[in-house]
Amino acid sequence: MTERVFKAIVIGDTQVGKSSLMMLITCEKKETKPTIGVEMKIKSLVIQDKHYKITIFDTAGHERFRTVTSSYYRGSHLVFLVYDVTNRKTFEDTKVWLLDFKTTFYNSDGCSPYITLIGNKIDMKDQRVVSQDEGEMLRKELELDAFYEVSVEKEIGVMEAFENAVTCYALREAQQRELSTGPLKATIALHSSPKSTSQTSMSQIHTVNRVPSRCSQSCMIG
Ligand SMILES: Nc1nc2c(ncn2[C@@H]2O[C@H](COP(=O)(O)OP(=O)(O)O)[C@@H](O)[C@H]2O)c(=O)[nH]1
Ligand SMILES: [Mg+2]
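Residues in the sequence shown are numbered consecutively from -12, following our numbering.
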């Protein structure tokens, strides 16, 4: 069995829900203490019979002091850029985070990382100050690969965003390989949505409030 190993990172302002998001993806219980030190967790999942192991890194509190280092960014395949829909500053700061990432990012395998913009806390309807349209406009402006609105608290949309990123990055990588080594042997099913056998509950996914999933120009699903 071949297993693809990807590195995922979560970036964004403090308190937007990065650690909670990572806990949800890796099926861990909520942690109450603030994250300090390096946090890395592993998520194994199977999508369309393909096995993936994703190492997910959390900024571990360093974002508060803007001391996220280049080693954190290095070699990332998947990036989750998170803001809080109830806090406009966190939305505006996504541009700063992206710039920080792009100026220090280095990936030796030559395939661009798949960057997903995440607007979290949509369960807090009364406090929302950033609309879904604004999120989508920002995605276009920054030329990010995907945009999802989620609620980590209510488990809405998170696994869908995660699995979309894994699938799209795998396809991008395969296309890159094809460009450099000739015809692609593996057949990638392009005509169905990713089916997951991940152990995380998928029951909430269909109530997701988000812009339809999209890969980049080179990766379309569904
Ligand atoms: N209402 C609501 N609260 C959330 C959500 N996600 C995270 N939180 C809360 O936001 C706070 C900050 O979350 P945390 O994961 O520590 O954020 P981080 O600083 O970005 O790692 C915590 O009190 C979480 O319980 C969400 O989807 N909805
Ligand atoms: Mg944290």
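Even glycine gets a Cβ: it sits at the ideal position worked out from N, Cα and C.
Check                                                                                                    : Outcome
Buried versus exposed call for Thr73 [16 or more other C-beta atoms within 10 Å across all chains shown] : buried
Any 3 or more C-beta pairs closer than 8 Å across the region 2 to 14 and the region 132 to 144           : yes
Same chain, Cβ closer than 6 Å to Tyr101, neighbours up to 5 away in sequence not counted                : Leu65, Asp132, Ala152, Cys155 and Tyr156
Segments assigned beta strand (DSSP E), at least 3 residues, entirely inside the region 129 to 154       : 133 to 136
Ala161 versus Thr168: straight-line alpha-carbon distance, rounded                                       : 10 Å
Between the CA atoms of Val(-3) and Lys108 - distance to the nearest angstrom                            : 16 Å
Distance between Phe67 and Ala47 (C-alpha atoms, nearest Å)                                              : 14 Å
First through last residue of the alpha helix (DSSP H) which encompasses Met10                           : Lys5 to Ile12
Start-to-end residues for the alpha helix (DSSP H) that takes in Arg75                                   : Arg75 to Glu79
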